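Enquirer: Below is the structure I would like to discuss, written out as structure tokens.
2 protein chains.
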Amino acid sequence: MALVFERVVTEGLGDLSYLIGDDSAGTAAVIDPQADVDVYLQLARRHKVAITHILQTHVHEDFLSGANELAARVGNATLCSSAEDAAPYGYAHEALRDGDCLAFGSTVLTARHTPGHTPEHMAFLVAEEGREQAPYAVFTGGSLLINAAGRTDLLGPDRAQALTAAQYRTLHDFYLKLDDGVIIHPTHAHGSPCGAAIGDRLSSTIGYERRFNPHLQCRSEEQFRRFALDGLPPKPSYYPRLKETNTVGPAVRHGLPVAPPLPAEEFARRMEEGGAVVVDTRHMLAFGGGHVKGALNIGMAAQLPIWAGWMLDPAQPLLLVVESDGALDEVLRLFLRTGFTRFAGYLVGGMTAWDNAGHDVVATAQVTAAQVHDRPGDFTLVDVRAPHEWASGHLPGARHVYLPELPARAGELPRGKPVVVYCDSGYRASIGTSVLQRAGVAEVANMPGSMQAWKRAGYPLEGQPAG
Amino acid sequence: MALVFERVVTEGLGDLSYLIGDDSAGTAAVIDPQADVDVYLQLARRHKVAITHILQTHVHEDFLSGANELAARVGNATLCSSAEDAAPYGYAHEALRDGDCLAFGSTVLTARHTPGHTPEHMAFLVAEEGREQAPYAVFTGGSLLINAAGRTDLLGPDRAQALTAAQYRTLHDFYLKLDDGVIIHPTHAHGSPCGAAIGDRLSSTIGYERRFNPHLQCRSEEQFRRFALDGLPPKPSYYPRLKETNTVGPAVRHGLPVAPPLPAEEFARRMEEGGAVVVDTRHMLAFGGGHVKGALNIGMAAQLPIWAGWMLDPAQPLLLVVESDGALDEVLRLFLRTGFTRFAGYLVGGMTAWDNAGHDVVATAQVTAAQVHDRPGDFTLVDVRAPHEWASGHLPGARHVYLPELPARAGELPRGKPVVVYCDSGYRASIGTSVLQRAGVAEVANMPGSMQAWKRAGYPLEGQPAG
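Quick look at the structure:
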């Protein structure tokens with residue numbers, strides 16, 4: 001009998017999902033699958049196990065659940081969802097109760113109701129057969145995280161107080177009573193907006209978190225409440241949409257969304273028809289060198305799903321420009337992760353075909369940190385980072401407009417000087433420059449390297465907290 | 001700053017290797033790389049880090065080290081080897097001393113001399129910058145393992161006593177003084193012959209092992225000595241060869257070994273020339289259906305490297321038959337792992353081409369557990385499993401010849417009845433049947449499913465330990 005254990009890291013979203021089972025029994029469970037489910041099927045086949053159960057720790061808001069898609073693709077797996085304090089689900093499932101056990105060969109999972117991040121939240125203790133009283137690990141979903149705990153404000157201010165109190169009890173009455181040697185396998189990890197300052201380790205232990213996790217240092221519920229609800233990152237605008245979709249149960253697609261191939265002439269015609277938005281997924285420098293007029297630049301990178309979520313309406317069809325036609329599947333996979341499935345098509349042959357067809361391209365200027373530093377006062381500097389990043393220090397004379405607010409607030413920017421948009425690396429800034437170009441701002445430049453390059457050069461910051 | 005952490009599982013050999021680093025600093029280390037190093041290069045590229053250091057916990061005996069190959073393929077990485085009680089190395093390296101620290105962004109590794117499995121053995125503590133006194137994990141190499149400890153008898157009986165005493169001190173004076181919440185990342189894992197009864201979890205913690213690891217339950221050095229040196233699996237015959245190769249430093253190949261393509265006529269001609277051995281890497285049932293006369297059947301599976309190691313001489317060129325030509329690279333990768341790099345060629349087009357060229361094939365009968373059970377006394381039953389497997393119970397009337405001894409002992413088998421070879425699954429048994437066919441034994445059959453099928457059917461066992 002041998003354990004099967006695989007951790008799937010979905011970078012950008014900062015989520016982890018898992019395959020756990022036993023290749024002698026030939027069975028396994030997937031925990032918190034992402035929407036692009038091929039990876040779980042491939043892992044199951046490599047390990048020669050049947051995925052018999054699909055478990056969700058909670059109703060996710062930060063990604064499109066792959067549970068229903070995976071159940072359909074497997075064909076005979078049981079989809080399990082928490083029945084403790086749960087809103088009614090819109091899909092067929094087996095109800096999980098606190099204390100329910102599932103065995104996969106010699107590995108035993110026990111569901112534990114651990115509310116706080118959400119009301120219905122379930123953790124899964126992992127034990128060896130015969131040692132059920134001494135679990136060696138726990139899948140913590142969105143409850144106890146690395147250096148953090150799942151945020152409790154996502155269901156709105158009305159419910160935040162009760163959920164925060166529940167999270168405090170979950171941490172103290174459940175997690176802190178486990179042995180120090182129990183390994184923590186969270187779903188939400190570094191980079192996830194489902195918690196503040198989540199650490200970058202992929203797993204931890206009760207002992208290490210007991211000692212260092214700031215959420216576990218709070219000695220009273222009141223202290224915890226203040227700490228837990230303070231300094232949270234902005235709640236992504238797409239969270240309520242995904243919460244609703246995941247509660248109802250996402251449509252089964254049997255694969256990636258479809259983006260029909262559009263030769264340059266057709267792509268141009270489809271643009272003229274209106275109703276679709278052009279998203280150019282190339283690197284910011286390629287976008288800067290030349291792009292289709294009106295395109296939004298959301299680069300093909302791990303964080304694409306988050307920024308598509310913030311900046312785009314999933315009801316509006318997308319027209320895609322990709323770095324190379326071979327990258328299309330990867331781009332579709334990234335969009336799918338936050339529920340984007342409507343594509344009017346992609347530009348066949350990419351920008352080369354567009355150029356050869358004789359269509360116009362628009363450039364975006366790129367300015368370096370040194371150029372901005374050496375010409376103080378020459379630019380209107382726009383910082384599009386999140387409020388807590390802005391509060392940790394920014395470029396002298398910059399103004400702050402968080403990127404998701406930029407489309408509505410483009411008109412506020414003073415005219416007369418070229419606008420330079422920056423963020424931490426240039427990725428979000430390039431989205432911002434494309435937003436401003438679409439809004440008709442004449443002179444706009446991106447700042448590749450952004451704050452990282454600024455700091456590396458040792459240039460001064462403004463607005464840094466004291467101490 | 002974000003941690004990069006990847007665990008590479010080399011199934012069959014039961015070894016784990018690791019990439020750990022920081023994608024903000026852009027640097028990483030690889031720990032105990034296997035010989036097929038592409039996976040580390042791919043992981044480093046995916047995470048956008050430079051492999052700056054290649055660390056080895058000890059001089060390995062169970063696999064061909066990939067450290068030198070990886071150093072050459074990276075181009076500018078530093079290869080670090082323990083200088084504590086180490087035999088002289090035959091390759092350029094940086095000497096590691098107990099207490100040496102290496103930082104990769106905010107991740108700090110500290111080398112700790114932990115002799116026992118080998119004299120020079122190093123573990124690597126892992127800590128977050130600023131918390132060096134509270135490591136959160138430790139790469140344990142071949143010292144503290146999951147549910148086990150690295151065996152101490154590999155350098156021969158002369159050194160076993162001193163190494164066992166050293167291992168006892170390593171476990172008690174180093175590991176048991178760490179916090180319960182420290183995560184253990186071993187190199188030798190489930191299935192590795194470098195320890196007995198290694199557990200199938202991929203990581204563990206000091207706390208869980210303190211409680212359940214039988215090696216940590218021994219309360220005196222004397223008790224530990226008896227426990228540690230008892231019940232060890234047979235020491236693979238290829239271990240001394242790999243120890244020597246890895247001490248000198250394996251030749252850098254810049255990729256997989258070469259197996260020239262041989263059309264059927266050339267393959268047959270090369271066979272007639274002599275000096276080469278035909279290894280058929282197909283599944284036992286395909287081999288049974290028809291194979292080249294004289295072929296040894298070592299199936300393309302995770303355990304191929306171990307059985308190639310036991311059954312073949314790396315100085316003798318191999319002639320390969322593969323399931324499909326597309327599987328050649330995977331087969332070469334498996335052979336490389338225990339140091340097989342001499343290939344006379346492979347049969348282009350596989351057995352289909354052989355058939356079409358009009359060459360003879362030989363079949364091997366396959367008998368089921370039910371057939372053996374229903375015809376008691378009709379067969380000479382040969383159990384080719386390891387001694388400790390035989391001792392846990394075997395088929396009634398069977399005789400035991402451990403597979404590696406079968407070539408020399410084929411003549412001992414009584415004539416007159418068909419010989420049925422079995423193991424646990426049929427994989428080793430099929431190697432055994434091919435050995436006997438090569439030795440000229442007339443009637444030989446394999447038993448697919450072997451002990452697993454026998455037990456599943458509820459048939460009686462003989463020689464089971466009492467209780």
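The listed protein sequences derive, respectively, from chains Y and E. Residue numbers are given in full-length UniProt numbering: position 290 of the first sequence equals residue 290, and the series is strictly consecutive. Residue numbers are given in full-length UniProt numbering: position 237 of the second sequence equals residue 237, and the series is strictly consecutive. Beta carbons: idealized from backbone N, C-alpha and C, even for Gly. From a predicted model like this one, the values you see are computed outputs, not experimental measurements.
Taking 7 Å as the cut-off, decide whether the C-beta atoms of T114 (chain E) and T187 (chain E) are in contact.
Expert: no
Enquirer: Expressed to the nearest angstrom, what Euclidean distance is found between the alpha-carbon atoms of K48 (chain E) and S17 (chain E)?
Expert: 19 Å
Enquirer: Tell me whether the beta-carbon of G289 (chain E) lies closer than 7 Å to the beta-carbon of Y427 (chain E).
Expert: no
Enquirer: Might you give, ordered along the chain, the residues of its own chain that have their beta carbon closer than 7 Å to the beta carbon of M271 (chain Y), omitting 5 neighbours on each side?
Expert: Correct list, in chain order: V278 and L319.
Enquirer: What span of residues does the beta strand (DSSP E) with E6 (chain Y) cover, start to end?
Expert: L3 to T10
Enquirer: What residues from chain Y crowd round I198 (chain E), counting only those whose CB sits closer than 7 Å?
Expert: Residues of chain Y passing the Cβ test: none, with the nearest at roughly 11 Å.
Enquirer: What residue range is occupied by the uninterrupted alpha helix (DSSP H) comprising V74 (chain E)?
Expert: A67 to V74
Enquirer: Three or more beta-carbon pairs under 8 Å between the stretch 107-122 of chain E and the stretch 52-69 of chain E, yes or no?
Expert: Result yes; three or more Cβ-Cβ pairs closer than 8 Å.
Enquirer: When the Cβ atoms of the stretch 163-180 of chain Y are set against those of the stretch 243-254 of chain Y, are three or more pairs found closer than 8 Å?
Expert: Touching, no, given that fewer than three Cβ pairs across the two stretches are closer than 8 Å.
Enquirer: Below 7 Å CB to CB, which residues in the same chain sit around S203 (chain E) once its five sequence neighbours on both sides are set aside?
Expert: I183, I184 and H185
Enquirer: Mind listing which residues of the UniProt domain "Rhodanese" (272-363) of chain Y have their C-beta closer than 8 Å to chain E's C-betas, in chain order?
Expert: none
Enquirer: Quick one: what's got a C-beta closer than 8 Å to E266 (chain Y)'s C-beta in the same chain, skipping five residues either side?
Expert: Here the set comprises G345.
Enquirer: I'd like the span of the alpha helix (DSSP H) that includes T352 (chain E), first residue to last.
Expert: Residues G350 to N356.
Enquirer: Could you tell me the distance, in whole angstroms, from the CA atom of I20 (chain E) to the CA atom of A28 (chain E)?
Expert: 5 Å
Enquirer: Taking Cβ-Cβ distances shorter than 8 Å, what residues in chain E pair up with I206 (chain Y)?
Expert: Neighbours of I206 (chain Y) on chain E, chain order: G181.
Enquirer: Is the beta carbon of H190 (chain E) closer than 7 Å to that of D200 (chain E)?
Expert: yes
Enquirer: Just the Cα atoms here: how many angstroms apart are G349 (chain Y) and P263 (chain Y)?
Expert: Distance between the alpha carbons of G349 (chain Y) and P263 (chain Y): 7 Å.
Enquirer: Looking at chain Y, is there any beta carbon in it that lies within less than 7 Å of the beta carbon of A2 (chain E)?
Expert: yes
Enquirer: In whole angstroms, what separates the C-alpha of G142 (chain E) from that of A127 (chain Y)?
Expert: 24 Å
Enquirer: On a CA-only basis, which of Y:M351, Y:L312, Y:P460 and Y:A357 is nearest I431 (chain Y)? Give me that one, please.
Expert: Y:L312
Enquirer: List the residues of chain Y that A134 (chain E) touches, going by C-beta distances under 9 Å, in chain order.
Expert: Neighbours of A134 (chain E) on chain Y, chain order: Y208, R211 and F212.
Enquirer: For P460 (chain Y), which residues of its own chain have a beta-carbon under 8 Å away from its beta-carbon, when the five flanking residues on both sides are left out?
Expert: Answer for P460 (chain Y): P396, listed in chain order.
Enquirer: Can you tell me the Cα-Cα spacing of V252 (chain E) and E69 (chain E), whole angstroms?
Expert: 5 Å
Enquirer: Using 7 Å as the limit for Cβ to Cβ distance, is R202 (chain E) near chain Y?
Expert: It is Leu, not Arg, that sits at residue 202 (chain E) in the sequence shown. So yes, L202 (chain E) belongs to the interface.
Enquirer: Near A353 (chain E), what residues of its chain come up, given a Cβ to Cβ distance below 6 Å and the 5 sequence neighbours on each side ignored?
Expert: A264
Enquirer: Kindly indicate which three-state DSSP category Q56 (chain E) falls into: helix, strand or coil?
Expert: coil
Enquirer: Please state the DSSP three-state secondary structure of V361 (chain E).
Expert: coil
Enquirer: Do L328 (chain Y) and V322 (chain Y) have their CB atoms nearer than 7 Å?
Expert: yes
Enquirer: Would the beta-carbon of Q167 (chain Y) fall within 7 Å of that of A148 (chain Y)?
Expert: no
Enquirer: Could you check the C-alpha separation between Q303 (chain E) and A196 (chain E) for me, to the nearest Å?
Expert: 17 Å
Enquirer: Under 7 Å between C-beta atoms, does F63 (chain Y) make it to chain E?
Expert: no
Enquirer: Quick check on the burial criterion: 16 or more other C-beta atoms within 10 angstroms. Buried or exposed for R375 (chain Y)?
Expert: exposed
Enquirer: Residues in the stretch 164-196 of chain Y with C-beta within 8 Å of chain E's C-beta atoms, listed in sequence order?
Expert: D179, D180, G181, V182, I183, H190 and G191
Enquirer: Check each candidate in E:C423, E:R282, E:E443 and E:L232 and name the one with the smallest Cα separation from F379 (chain E).
Expert: E:E443
Enquirer: Distance, Cα to Cα, C218 (chain Y) vs C194 (chain Y)?
Expert: 20 Å
Enquirer: Would F5 (chain Y) pass as an interface residue toward chain E - the criterion being a Cβ-Cβ separation below 7 Å?
Expert: Interface residue, yes.
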